[in-house]
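If you count the sequence shown from 1, position 298 lands on 298 in the UniProt record's numbering, and the numbers rise without skipping. First the structure, in the form of structure tokens, and then the observations on it.
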Amino acid sequence: MESIRVYAPATVANVACGFDIFGFAVNRPGDEVVLTKKLTPGIVIKEITGDEGRLPKEVAKNTAGIAILKYLEFIGQPDQGFELSLHKDMPLGSGLGSSAASAVAGVFAANELMGKPLSQKELLPFAMEGERVACGSAHADNVGPSLLGGFVVIRSYDPLDIIQLPTPSDLYASIVHPQIEVNTKDARRILEREITLGKTITQMGNVAGLVAGLLTSDYDLIGRSLVDVIVEPARSILIPQFQEVKAAALQAGALGCSISGSGPSLFALSKGEETAKLVAKAMSEAFNAVGIGSEAYVSQINQQGPMIR
């Protein structure tokens, strides 16, 4: 192949109790990369759409560009030339892994065009370099699920150890993105640096409970475990109407509700598609009640990750 079009899905990171260690992929929204081989060396970013002119076209500063660059260096093909077009289909700073989806789509496309010398999982470190460019930290809780699909656990960064968990077939996510923006660096800055033993024990119990609930398809246990006593209390103050939106989700039948990534998007998990649709509607209406517009998405857990279009 000389050219390829790849779509990579948005993700929900943290998943309430699992700060920096949990993430799952959804069917939409997502980002699309069109990558074409060229005869001359170097990567050229031809165009970026959907970003309102905010993203850099300089390869070393672009999440998709740097991921491809590091990948080519690793496989010993630094002079391979590419022309890249990036189409953003989700808001920047949404808490849905926008930078991760771009990096994943880019490096996945490059690997396909180069004849797949690396496995999909081996592409992860290069996608993580895109995150480093975007927010200063090469975290994997967005790029992991976007690249591999499904629900992932980041057990360790040194060495990198990522585990994929099965999810119940009737588990659906409702995601609502309000038309406000929360900067990832700001959302990290306000977090407590030291946590009490009591909060740590509670959070560890919820992490273990959520894993057990997913493995046993115990929806009630999943709901009881979607509680964050460490990060959500701090970050929720950055999101207007947070408590009201969360209450609306639970009242509509959600198992649990929390912040997606660093926000401002909120996610809820539900049993069944119909309940998930009602939850998304209730969450949107709670934002609308104070004049905040929003976009809503309902999806099963995306098990595929990036796909060729």
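Glycine included, C-beta positions come from ideal geometry on N, C-alpha and C. Bear in mind the structure is a predicted one, so any value in this text is a computation, not a measurement.
Under the three-state DSSP convention, the category residue i falls into
i	result
A289	coil
R224	helix
V211	helix
V34	strand
E295	strand
G263	coil
G81	strand
V15	coil
I195	coil
K281	helix
M1	coil
I201	helix
R189	helix
E274	helix
V59	helix
Boundaries of the alpha helix (DSSP H) in which residue i is found, first to last residue
i	result
V152	Segment 151-157 is the beta strand (DSSP E) holding V152; no alpha helix (DSSP H) there.
S102	98-113
K70	63-74
Span separating the alpha-carbon of residue i from that of residue j
i	j	result
T36	E2	6 Å
A234	L39	51 Å
S236	P78	44 Å
N206	S98	27 Å
R193	P306	35 Å
S169	Q300	8 Å
G130	S262	17 Å
P117	A67	16 Å
E32	L197	43 Å
E52	I201	44 Å
A134	A286	31 Å
I48	L84	9 Å
S225	I4	41 Å
A109	A101	12 Å
E232	A16	7 Å
V298	G42	39 Å
I292	F242	12 Å
L72	P125	13 Å
G223	L269	8 Å
M122	A140	In the sequence under discussion, the amino acid at residue 122 is Glu, which differs from the Met named in the question. Each residue's Cα considered, the two are about 13 Å apart.
K70	N288	43 Å
E181	L86	21 Å
F24	I308	20 Å
Residue i - containing beta strand (DSSP E), residue span
i	result
C257	256-259
K246	No beta strand (DSSP E) holds K246; the alpha helix (DSSP H) holding it covers 242-251.
L238	Where L238 is concerned, there is no enclosing beta strand (DSSP E), given that its DSSP letter is neither H nor E.
Opposing strand residues paired with residue i [DSSP bridges]
i	result
M307	Y7
V26	I301
T49	H87
A268	S174, C257
V44	E83
Could you tell me which whole beta strand (DSSP E) segments of length 3 or greater appear in the segment 116-184? 151-157, 160-165, 171-178
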